[in-house]
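Asks:
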Amino acid sequence: MRGFEPLAWVFQAISGIAMVFLITTHFLLTHSSHDLLSYDSVLYRMTNMEYKIFYALLLIFVTFHAFNGLRAIILDTEGGMRKKGAVNAVIVTAALIAIFYGLYLLSKF
Amino acid sequence: MKFVIRRFKDDKSFWQSFEVPVKKGMTLLDGLFYIRENIDPSLAFRASCRMGICGSCAVKVNGRPRLACETQLSKFKKEIKIEPLDNFRVIRDLVTEFEGFFAKHKKVKPYLIANTDYENPIEQLQTPEELKKYYIFTLCIKCGSCLSVCPSSATLESSLGPAALVSAYRFNADSRDRGKEERLKIVSESFGVWRCHSAMECSEVCPKQIEPAKAIQLLRRETLR
Amino acid sequence: MGVMSWFKYKSPFGLAFAFQRITGIILLFYLILHLCYLTSLQSRELYETLTSITVSRQFIIFDSLLILCGVFHGVNGIRIIIHELGIGHELRRVVLAVSAIIAILGWIIGSYILFMALGD
Amino acid sequence: MIDCDIAIVGAGLAGMRAAVTIAEKNSKVSVAIIAKTYPIRCHSVCAEGGSAAVLRKEDSFDLHAWDTVKGSDFLADQDAVEFFVRECPKEILRLENWGCPWSRNPDGTIAQRAFGGHSVNRTVFAADRTGFHEVHTLYERLLKYDNVEFFSEYFLTNLAIEDNRIQGLSAIELKTGNLVFFKAKAVILATGGAGRLYGFTTYSHQVTGDGMAIAYRCGVPLKDMEFMQFHPTGLVPSGILMTEACRGEGGYLRNKFGERFMQKYAPEKMELAPRDVVARAMWKEIIEGRAFEGEHGPYLALDLTHLGEEKIEQRLPMIREAAIKFLDIDPVEEPLPVKPVQHYTMGGIHTNMFTETPVKGLFAAGECACVSIHGANRLGSNSTVECLVFGRVAGEMALKYIENVKDVKINQEFLKEEEKRIFDKIGKGNENPHTIKRELNETMDKHLWIFRNGDGLKEAIRKIEELKERYSQASIADDCRKFNVALLSTLEVGYMLDLAEVVAMGALLRTESRGAHYRLDYPERNDKQWLVHTLAYYTREGPRFEYLPVTITKWKPVERKY
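In the order they appear, the protein sequences are chains A, B, C and D. Be aware that the first sequence starts at 2, since it is given in the working numbering, and climbs by one per residue. Be aware that the second sequence starts at 76, since it is given in the working numbering, and climbs by one per residue. Be aware that the third sequence starts at 55, since it is given in the working numbering, and climbs by one per residue. Be aware that the fourth sequence starts at -1, since it is given in the working numbering, and climbs by one per residue.
(1) Less than 8 Å between CB atoms is the rule here; does C:Ile134 satisfy it with respect to chain B?
(2) Report the residue from D:Cys40, D:Glu365, D:Phe81 whose alpha carbon sits nearest the alpha carbon of D:Thr221.
(3) Does DSSP put D:His294 in a helix, a strand or coil?
(4) Below 7 Å on C-beta distance, what does B:Ile157 contact in chain D?
(5) Quick one: using the 10 Å Cβ neighbour count with 16 as the cut-off for buried, is D:His304 buried or exposed?
(6) When burial is assigned at 16 or more other CB atoms within 10 Å of the CB, is B:Lys179 buried or exposed?
(7) Do you know how far the Cα of B:Asp86 is from the Cα of D:Asp476?
(8) Quick one: is the Cβ of D:Gln204 within less than 7 Å of any heavy atom of the ligand PLP?
(9) According to the Cβ coordinates, are D:Cys385 and D:Leu11 closer than 8 Å?
(10) Closest to A:Leu58 by CA distance: which of A:Ala19, A:Gly4, A:Ile98 is it?
(11) Using alpha carbons as the reference points, say which of D:Glu307, D:Leu518, D:Ala211 lies closest to D:Ile448.
(12) Can the beta-carbon of D:Leu172 be found closer than 8 Å to that of D:Phe180?
(13) Relative to the C-alpha of D:Asp274, which residue among D:Leu497, D:Arg39, D:Ile0, D:Asn375 is closest?
(14) Since D:Asn176 is in the beta strand (DSSP E), which residue starts that stretch and which ends it?
(15) Identify every run of the alpha helix (DSSP H) within the stretch 226 to 310 of chain D, keeping only runs that are complete inside it and at least 4 residues long; order them along the chain.
(16) Less than 8 Å between CB atoms is the rule here; does B:Leu272 satisfy it with respect to chain C?
(17) Can you give the beta carbon distance from D:Cys216 to D:Val133, rounded, assuming they're within the 8 Å contact cut?
(18) Leaving out the 5 sequence neighbours to the left and right, which residues in its chain are closer than 8 Å to C:Phe67 when beta-carbon positions are compared?
(19) State the DSSP-derived secondary structure class of C:Val125, mapped to helix, strand or coil.
(20) Mind checking which residues open and close the beta strand (DSSP E) that includes D:Ser473?
(21) On the CB-based measure, 16 or more other CB atoms within 10 Å of its CB, does B:Glu174 come out buried or exposed?
(22) Where DSSP assigns a beta bridge to D:His515, which residues make up the other side?
(23) Hey, does C:His137 have any beta-carbon neighbour from chain B nearer than 8 Å?
(24) What does the alpha-carbon distance come out to for the pair D:Thr537 and D:Ile347?
(25) For the stretch 209 to 228 of chain B, which residues have a beta carbon sitting closer than 7 Å to at least one beta carbon of chain A?
(26) Under the rule that 16 or more other beta-carbon atoms within 10 Å means buried, what is D:Phe225, buried or exposed?
(27) Which two residues bound the contiguous beta strand (DSSP E) that contains D:Lys165?
(28) Among D:Lys444, D:Ala211, D:Lys526, D:Gly425, whose alpha-carbon lies nearest the alpha-carbon of D:Asn482?
(29) Along the chain, where does the beta strand (DSSP E) that runs through D:His564 open and close?
(30) Does the distance from the CB of D:Gly504 to the CB of D:Phe543 come in under 8 Å?
(31) Any idea what DSSP makes of B:Glu297, helix, strand or coil?
(32) In whole angstroms, give me the CA-to-CA distance for B:Gly254 and D:Ser101.
(33) Using only alpha-carbon positions, find the residue among D:Arg252, D:Thr200, D:Gly207, D:Asn145 that is nearest to D:Leu233.
(34) Measure the alpha-carbon distance for B:Lys182 versus B:Ala229 and round it to whole angstroms.
(35) Should A:Val93 be flagged as near chain C, meaning a C-beta pair shorter than 8 Å?
(36) State the CB to CB distance for the pair D:His341 and D:His229, rounded to an integer number of angstroms; the pair is presumed to be in contact (CB under 8 Å).
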């Protein structure tokens, strides 16, 4: 294994496949009928432990996948590649902020 | 048939049309030679073997890179649009700068790394099955078509590009080679295999059908070990 | 050349690549929007005002397009993962056609569910 | 001005092989490879069939040498041939060690196939892309060394020679259009043949014999230029080579009655007789009306249909690909239309068996040189391996030579003269050089083809003189220096005219038939008078001819029968 890149690649794929299932589930959970989006039912889900774990997982996968994708787009440019270290640092920071902020919100319910 | 050619001269670029009489079996390269010999002797393009093995004459034909020598004119209707390859700097007319392309190829150490004796060479055995593992990837003629359509290479000039990575894989998959580690170190840098996002355009345009995208993915898999 | 260079190529594979990137960027923005929603859950009022705007007939077209983005990104992503495993390269046209069909089906089904859920 | 120790002109098999040797033996010597195209665009990539070498016990050096000498119609220098056959196997194995994907036997050893004129299966091959793989292997090997620098797309214009010693050369850098001077202690010419003298030829577009012509103008004699090889199977109408391996793998030649006509001409070897024999037989079939008639003239059939798809796909994939792409004919199902095509220049720059030319420090190897191992007719698969063997020798000889050369100085006059000649003198008239070239091609195709006769040759010489006259009024219709292809083609045509003159006059003077040179008015071989090499020297009035006896060691000339 050579550094971070192969790991990111594999995890990008794994998170991608996982998300197909997780997001489909999330979509059905929220859109199968109108009431599912009411404040009460959302709050019910947010306070339930199983749902909490489910959403925490989804949050981590989505955030990683999205920011890693963004990283690829930026590194595909001349400027991005010149400041590769900075790009990586900014992306990791942004992703971590998003994940921790999301987890913090989840934990408040 | 009308040839519409994108020309570059003295840092100016313009489109120019030529009328070329077409006979059965005539190729695009024959057409270009017709123009050079009878209409405009200054039309610059590269050509050598005219049988699809030297890789000189790749140009963009109606938006898609092709070897001029292998392109039958009968495939086209009235008009044919010819441009130099994308992702290469144009020197003149259809002639593009290839130094960078070859420099990328050189970067991946595209030669057999093995303990051999120059003065007293001995025959190394290799079964037809071992040969078959990499043979298709030896067929790269370095025409530059793949690089010219690679979206990563379009935005990032320093990425190695399909052809160089194919070369790296070709040697890594050779049973006689002992230089896997060195080569993997180079291609697993971020301008190497990680700049491929499987747009598959290289495999689509490769005139030798060697599937560069596949080679890159196989190479990428090796970096996991 | 920037983003426009993604669209220079004629083959459907290059187009799929370009759309993968664009839908990816759209979905990234949607992710940020989602985090905002999550924040709004702190207050019942805020949440209900937000949903009353976004979950409505006027918005269904955007929702449907979002589903298209998501389904395309997912299906095309899986297609790429298959090829990145080193398999199916020779059959890539077939794989592309099949994934296009799956994506369209997914989009229609998703939009239908969405539409039905909206009720009256 | 670029300074280097050894300059190699030409980046084909021979040139690159020489560079590898030099780099391998001495990493301090700076090598410049100057070539008109990028290295892997050279014509060597078009070699298809294979490379001959004695690798197995059932074969022997003497047998390979005898086959070569007999094939050459006894015009080959036998000491050179003996040296050559002993070196071949090593070169094959070296390439193997450097990564060449030779085709293999099931047990992993290098496979060998049958070829015309060889008594046993001796031809090592890499499918039907042998030259392609050899060139790529050498090029890639060269990327390993730091002291070799490529100057790709530099067009050689002249050699700087003073007191019979080489000092360097001048070349046009195509990208900028500037004239560049290379200072070198030794120069190796490996510029290839002169096939584009002909219209119907297997050659790449750039093979115009520049190196030969420049050496000739600089006073180095050309040897045996009248011997031009015609390959039996060129695809009609493009002239794309259908390798001899087609017949080596068991393909048949048929006339319009479906007969394997070779049984009349070479009952023992049939299709696998040497190329001159087969080409003559085919041309005879054509003349006597037993050929097919097509829209591009008469042709014969190369029948591979009985070999089966598997064998063709494995052994002759490129042939199949080319036939489908260019003619829409699948050789698995249908015979291919072929006729003899100009294929090889046996003659070239006069060198001894150590690749030395009469000029000190100037070496020549590969097709542009005439060591004379091919004599009057080359055997298939001897040429690629010749490039390897004599490329290596040239490299070693150049290395040895520069040991005793301190520093060279290019005469400033030479630089000025050359600038003037290229940019001020040439191309001031209004004659289209391409028209001249076309007429030259037509003349060569008509009068210097497989069968020649005195009257035709005289007519050809007259025509060439006329074209030379017109050439002095040639035009260069391009004022931009960058990648000036008009200048390039004009220069090339000039070189070709000089060579054509040598070929035609040499052929007229040689009043016998030997190997590839067949005179209808002198149909017999004449060992008494003509067991000699032709040497052509440049003079202002045209070539001056001298003759040199052939070296004979073991094998006395006998009647040649297949």
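Think of the CB as a built atom: it goes at the ideal place given N, C-alpha and C, for glycine as much as any other residue.
Replies: Looking at the coordinates:
(1) For the purposes of this step, residue 134 of chain C is identified with residue 80 of the third sequence, where counting begins at 1. With 8 Å as the cut-off, C:Ile134 counts as an interface residue toward chain B.
(2) Along the fourth sequence, one-based indexing puts residue 221 of chain D at 223. It is worth fixing the name first, because residue 221 of chain D is Lys in this sequence and not Thr. Of the candidates D:Cys40, D:Glu365, D:Phe81, the one whose C-alpha sits nearest the C-alpha of D:Lys221 is D:Glu365.
(3) Counting from one through the fourth sequence, the residue named residue 294 of chain D turns up at place 296. Note: D:His294 maps to coil in three-state DSSP.
(4) In the second sequence, counting from the first residue as 1, residue 157 of chain B sits at position 82. Result: empty, since nearest Cβ-Cβ is about 16 Å, beyond 7 Å.
(5) Residue mapping note: residue 304 of chain D aligns to position 306 of the fourth sequence, counting from 1. Per the 10 Å Cβ criterion, exposed.
(6) Here residue 179 of chain B refers to the residue found at position 104 of the second sequence. So B:Lys179 counts as buried.
(7) One-based indexing of the fourth sequence puts residue 476 of chain D at position 478. One-based indexing of the second sequence puts residue 86 of chain B at position 11. Approximately 15 Å between the Cα atoms of the pair.
(8) By its list of ligands, the structure shown contains no ligand whatsoever, and the ligand PLP lies outside what it can speak to.
(9) Translated into the one-based positions of the fourth sequence, residue 385 of chain D becomes position 387. Translated into the one-based positions of the fourth sequence, residue 11 of chain D becomes position 13. Taking 8 Å as the Cβ cut-off, D:Cys385 and D:Leu11 qualify as a contacting pair.
(10) The sequence position of residue 58 of chain A within the first sequence is 57, counting from 1. Comparing Cα-Cα distances from A:Leu58 to each of A:Ala19, A:Gly4, A:Ile98, the minimum goes to A:Ala19.
(11) Residue 448 of chain D sits at position 450 when you count from the first residue of the fourth sequence. Measuring from the Cα of D:Ile448, the nearest candidate turns out to be D:Leu518.
(12) Stepping through the fourth sequence from its first residue, residue 172 of chain D is reached at position 174. Stepping through the fourth sequence from its first residue, residue 180 of chain D is reached at position 182. It is not a contact, given that the beta carbons lie outside the stated cut-off.
(13) Translated into positions along the fourth sequence, residue 274 of chain D becomes position 276. Here the closest residue by C-alpha is D:Asn375.
(14) Along the fourth sequence, one-based indexing puts residue 176 of chain D at 178. Looking at the DSSP string, the run of the beta strand (DSSP E) that includes D:Asn176 is 176 to 187.
(15) 243 to 246, 260 to 263, 273 to 285
(16) Translated into positions along the second sequence, residue 272 of chain B becomes position 197. Checking the displayed sequence, the identity of residue 272 of chain B turns out to be His instead of Leu. With 8 Å as the cut-off, B:His272 counts as an interface residue toward chain C.
(17) As a first step, residue 216 of chain D must be located in the fourth sequence, where it is residue number 218. As a first step, residue 133 of chain D must be located in the fourth sequence, where it is residue number 135. Not really, about 28 Å apart at Cβ, beyond 8 Å.
(18) Start at 1 with the first residue of the third sequence, and residue 67 of chain C comes out as number 13. Only Arg146, Leu150 meet the Cβ criterion.
(19) Mapped onto the third sequence, residue 125 of chain C falls at position 71. Three-state result, C:Val125: helix.
(20) Walking along the fourth sequence from the start, residue 473 of chain D turns up at place 475. Per DSSP, D:Ser473 belongs to no beta strand (DSSP E) and is neither H nor E.
(21) On the second sequence, residue 174 of chain B is found 99 positions in, with the first residue counted as 1. Counting Cβ neighbours within 10 Å, B:Glu174 comes out exposed, since fewer than 16 surround it.
(22) Numbered from its first residue, the fourth sequence carries residue 515 of chain D at position 517. D:His515 pairs with D:Arg512.
(23) The count along the third sequence starts at 1 and reaches residue 137 of chain C at position 83. True, the Cβ-Cβ gap to chain B drops below 8 Å.
(24) Stepping through the fourth sequence from its first residue, residue 537 of chain D is reached at position 539. Stepping through the fourth sequence from its first residue, residue 347 of chain D is reached at position 349. In a straight line, the C-alpha of D:Thr537 is about 16 Å away from that of D:Ile347.
(25) Ser227
(26) Mapped onto the fourth sequence, residue 225 of chain D falls at position 227. Its Cβ being crowded by 16 or more others within 10 Å, D:Phe225 is buried.
(27) Residue mapping note: residue 165 of chain D aligns to position 167 of the fourth sequence, counting from 1. The sequence shown places Gln at residue 165 of chain D, not Lys. Unbroken beta strand (DSSP E) run through D:Gln165: 163 to 171.
(28) Here the question's residue 482 of chain D lines up with position 484 in the fourth sequence. Closest by alpha carbon: D:Gly425.
(29) Chain D is shown only over -1 to 560; residue 564 of chain D falls outside these bounds and no answer can be derived.
(30) Locating residue 504 of chain D in the fourth sequence gives position 506, counting from the first residue. Locating residue 543 of chain D in the fourth sequence gives position 545, counting from the first residue. Yes. Within cutoff.
(31) Your numbering for residue 297 of chain B matches position 222 in the second sequence. Residue state, collapsed to three classes: helix.
(32) Taking the second sequence and counting its residues from 1, the one referred to as residue 254 of chain B is at position 179. Taking the fourth sequence and counting its residues from 1, the one referred to as residue 101 of chain D is at position 103. Going by the C-alpha atoms only, they are around 22 Å apart.
(33) Here the question's residue 233 of chain D lines up with position 235 in the fourth sequence. When only C-alpha atoms are compared, the closest one is D:Thr200.
(34) Here residue 182 of chain B corresponds to residue number 107 of the second sequence, with the count starting at 1. Here residue 229 of chain B corresponds to residue number 154 of the second sequence, with the count starting at 1. In a straight line, the C-alpha of B:Lys182 is about 19 Å away from that of B:Ala229.
(35) As a position in the first sequence, residue 93 of chain A is number 92, starting the count at 1. Judged by the 8 Å Cβ criterion, A:Val93 is not in contact with chain C.
(36) As a first step, residue 341 of chain D is located in the fourth sequence; it is residue number 343 there, counting from the start. As a first step, residue 229 of chain D is located in the fourth sequence; it is residue number 231 there, counting from the start. Right, their Cβ atoms sit about 3 Å apart.
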